[in-house]
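Q:
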Amino acid sequence: MWGAGGLALFLFALLLMRGGAAHLSPPLAKAGRLPSPWRSLGLGWLMACLALSGSPVAAAAVSLQDAQVLSPAATLTMLTGSRLGASFVLFVIGLSYAWRRGHPWNSLTAGFVTFWVTATTYFPATALGLLLLPYVPVSRIARWRPPLLPALLEPVQALVQAMEEILRGGASRWLGKPAPESVIGISLFLMGFFSVGLALQVLDRAIPLPRLTDPEANSLPDSPWPIFGLGLAVTALTMSVSFSIGLLVPSVTRGWIRREQLIPYVMGANISTFIDTLLAALALGNPAAVGVVLTEMISVTVISAAILLAGYRWYRGLLIRVFELLMGRRALAAFFLIAFLCMPLMLLGQG
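Just so it is clear: in the sequence shown, position 166 is 163 by my numbering, and no numbers are missing.
#1: When we look at the beta-carbon of Y119 and count the other beta-carbons within 10 Å, is it buried (16 or more) or exposed?
#2: The alpha helix (DSSP H) with P177 in it runs from where to where?
#3: Tell me whether P134 sits in a helix, a strand or coil according to DSSP, three-state version.
#4: Just to confirm, are S50 and G194 a CB contact at a threshold of 8 Å?
#5: Just to confirm, is the Cβ distance from L81 to T115 under 8 Å?
#6: In chain order, what residues of the same chain have a beta carbon less than 7 Å from the beta carbon of R165, not counting five sequence neighbours either side?
#7: Helix or strand or just coil, what does DSSP make of N283?
#8: Kindly list the residues whose CB is nearer than 8 Å to the CB of L125, restricted to its own chain and excluding five residues on each side of it in sequence; keep chain order.
#9: Have a look at R15 and G226 and give me their C-alpha separation to the nearest angstrom.
#10: Considering only the alpha carbon of each residue, which of G346, Y312, Q347 lies closest to V110?
#11: Please tell me whether L344 and W35 are closer than 8 Å, where the distance is taken between their beta carbons.
#12: What are the boundary residues of the alpha helix (DSSP H) that R255 is part of?
#13: Using only CA atoms, which one of L43, L73, S52 lies nearest to A349?
#14: If I measure Cβ to Cβ from V289 and keep anything under 6 Å in the same chain, skipping five residues before and after, which residues do I get?
#15: Quick one: Cα of V54 to Cα of C46, how far?
#16: Give the secondary structure of F190 by DSSP, where H, G and I count as helix, E and B as strand, and everything else as coil.
#17: On the DSSP letters alone, give me the boundaries of the alpha helix (DSSP H) that S50 sits inside.
#18: Short of 7 Å in beta carbon distance, which residues of its chain neighbour L322, apart from the five on each side in sequence? Order them along the chain.
#19: Cutting at 7 Å between CB atoms, please list the residues of its own chain near V257, excluding the five before and the five after it.
#20: Could you give the DSSP three-state label for Q347: helix, strand or coil?
#21: Distance check for A307 and E178, CA to CA, integer angstroms please.
#22: How would you write the range of the alpha helix (DSSP H) that R326 sits in, first residue to last?
#23: At a threshold of 7 Å, does I254 count as lining the ligand COA (C-beta to nearest heavy atom)?
#24: Would L6 be called buried (16 or more neighbouring beta carbons within 10 Å of its own) or exposed?
#25: Going along the chain, which residues of its own chain have a beta-carbon closer than 7 Å to the beta-carbon of P121, five neighbours each way excluded?
#26: What would DSSP say about Q427, mapped onto helix, strand or coil?
#27: What's the gap between the Cα of F332 and the Cα of S37?
#28: Please classify T270: does DSSP put it in a helix, a strand, or coil?
#29: Just to check my reading of the structure: A280 and L11 have Cβ atoms closer than 8 Å, yes? What is that Cβ distance to the nearest angstrom?
#30: Please return the same chain residues whose Cβ sits closer than 6 Å to the Cβ of F112, not counting the five positions on each side in sequence.
#31: Taking L105 as part of the alpha helix (DSSP H), name the residues at either end of that continuous run.
Now the structure itself:
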């Protein structure tokens, strides 16, 4: 019940965003303001910070590409930005936990780990993805659709069209003249964007979640591969890195899970978090969008596997030194948080 309702709402949100982006594409193209890969990186980062989640932003990216507002390269970098910005919600959760529990900086550990693991894997993965983008085969995969999709697509599309007409009529009456296409486009896109987050919450209720905040969690093996697989599996179920890692904030803060154990967990989570985005691209029936999401997943998998196989101890030691530096100096940690929020604004100013 919850699964079918969540899927219907998810599809409705995607089609709303696609309809809104279609209205925005002509004026943006005419003004020469289609986002470059640098700007789309900043856009995805900033939107994920504001939405406190990366999943709705990733879904928005494939909808924008489907409406030809974003190029494949810009869509790829917006997906990367959505993952970087998603770390912000873990800082918010950590600060909230600190104020209530009295762990002033230790509770930020999950946020620091998630951001640095994401940054050090996604930046090289994005460079690799831009090289691989023209070569990823998608013809067979792009023909697959979720089982309930055919039954849902027609009535949901009719509902989207009805919503657009209601919105157009209301805007025209309020403005006293026909509503500009940009107003209709922005309104539809924002409605869809916020509906995606609601749809993911509904889908979460349909999935039983494992209990991870157990003191026995510190018995996790030291080998990175089982923990990598755990992050992969848990995030595949929850479809949100922020949620699956947010569950662990109390355990990491209290020392039940060591920060070095969280590193491979985040690596695995950063791959399977795109499952819902891949479903979104398939639902839109856009092979190019499917190709971009697959390219991102393949590239992140290759970089993560290379680190785990060839240099995990060195990589883990380097990140631990960074964490100790940030956790030991509050002024430096505060500067990092300010820079974290300023960086997407700087990227949006790039050509």
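From the three backbone atoms N, C-alpha and C, an ideal C-beta is built for every residue, glycine too. No experiment lies behind these values; they were computed from the predicted model shown.
A: Concretely, from the data shown:
#1: Numbered from 1 along the sequence shown, position 122 holds the residue referred to as residue 119. Buried.
#2: Numbered from its first residue, the sequence shown carries residue 177 at position 180. Careful: P177 lies outside any alpha helix (DSSP H) and carries neither H nor E.
#3: One-based indexing of the sequence shown puts residue 134 at position 137. The answer is coil: DSSP assigns P134 none of H, G, I, E or B.
#4: As a working mapping, residue 50 is identified with position 53 in the sequence shown. As a working mapping, residue 194 is identified with position 197 in the sequence shown. The Cβ atoms of S50 and G194 sit closer than 8 Å to each other.
#5: For the purposes of this step, residue 81 is identified with residue 84 of the sequence shown, where counting begins at 1. For the purposes of this step, residue 115 is identified with residue 118 of the sequence shown, where counting begins at 1. Yes. Within cutoff.
#6: As a first step, residue 165 is located in the sequence shown; it is residue number 168 there, counting from the start. Closer than 7 Å at the Cβ level, and outside the excluded window around R165, lie A176, I181.
#7: As a position in the sequence shown, residue 283 is number 286, starting the count at 1. Of the three classes helix, strand and coil, the one that applies to N283 here is coil, per DSSP.
#8: For this step, residue 125 is matched to residue 128 along the sequence shown. If we look at L125 and ignore the five residues flanking it on each side, its Cβ neighbours are S296, V299, I300.
#9: Indexing the sequence shown from 1 puts residue 15 at position 18. Indexing the sequence shown from 1 puts residue 226 at position 229. Approximately 34 Å between the Cα atoms of the pair.
#10: Along the sequence shown, read from residue 1 onward, the residue named residue 110 stands at position 113. Per the Cα distances, Y312.
#11: Taking the sequence shown and counting its residues from 1, the one referred to as residue 344 is at position 347. Taking the sequence shown and counting its residues from 1, the one referred to as residue 35 is at position 38. Closer than 8 Å, so yes.
#12: Along the sequence shown, one-based indexing puts residue 255 at 258. In this chain, R255 is not harboured by any alpha helix (DSSP H), its DSSP state being neither H nor E.
#13: Residue coverage of the chain in this structure runs from -2 to 348, which leaves residue 349 outside it and unanswerable.
#14: For the purposes of this step, residue 289 is identified with residue 292 of the sequence shown, where counting begins at 1. For V289, where only same-chain residues beyond five positions count, the Cβ hits under 6 Å are P69, T72, L73.
#15: What you label residue 54 is simply residue 57 of the sequence shown in a count that begins at 1. What you label residue 46 is simply residue 49 of the sequence shown in a count that begins at 1. Looking at the two C-alpha atoms, the distance is approximately 10 Å.
#16: Here residue 190 corresponds to residue number 193 of the sequence shown, with the count starting at 1. It is helical.
#17: As a working note, residue 50 is residue 53 in the sequence shown. Careful: S50 lies outside any alpha helix (DSSP H) and carries neither H nor E.
#18: Your numbering for residue 322 matches position 325 in the sequence shown. Same-chain partners within the cutoff: L329.
#19: Here residue 257 is taken as the residue at index 260 of the sequence shown, counted from 1. Position check: residue 257 holds Glu in this sequence, whereas Val was assumed. Here the set comprises R313, I317.
#20: Working through the sequence shown from its first residue, we reach residue 347 at position 350. Coil, per DSSP.
#21: The residue given as residue 178 occupies position 181 in the sequence shown. The residue given as residue 307 occupies position 310 in the sequence shown. If you take the alpha carbons of E178 and A307, they lie about 53 Å apart.
#22: Residue numbering aside, residue 326 sits at position 329 when the sequence shown is read from its first letter. Looking at the DSSP string, R326 is not in any alpha helix (DSSP H), and its letter there is neither H nor E.
#23: Judged by which ligands are present, the structure shown has none, so any question about the ligand COA falls away.
#24: Locating residue 6 in the sequence shown gives position 9, counting from the first residue. L6 should be labelled buried.
#25: Your numbering for residue 121 matches position 124 in the sequence shown. Cβ neighbours of P121 beyond the five flanking positions: I300.
#26: The question about residue 427 has no answer, for the chain in this structure spans -2 to 348.
#27: Counting from one through the sequence shown, the residue named residue 332 turns up at place 335. Counting from one through the sequence shown, the residue named residue 37 turns up at place 40. One C-alpha to the other measures close to 24 Å.
#28: Residue numbering aside, residue 270 sits at position 273 when the sequence shown is read from its first letter. Assignment of T270 by DSSP, reduced to helix, strand and coil, places it in the coil class.
#29: As a working note, residue 280 is residue 283 in the sequence shown. As a working note, residue 11 is residue 14 in the sequence shown. At roughly 6 Å, the Cβ-Cβ gap stays under 8 Å, so A280 and L11 are in contact.
#30: Counted from its first residue, the sequence shown places residue 112 at position 115. Closer than 6 Å at Cβ, skipping near neighbours: S84.
#31: Here the question's residue 105 lines up with position 108 in the sequence shown. Unbroken run through L105: none, as it is neither H nor E.
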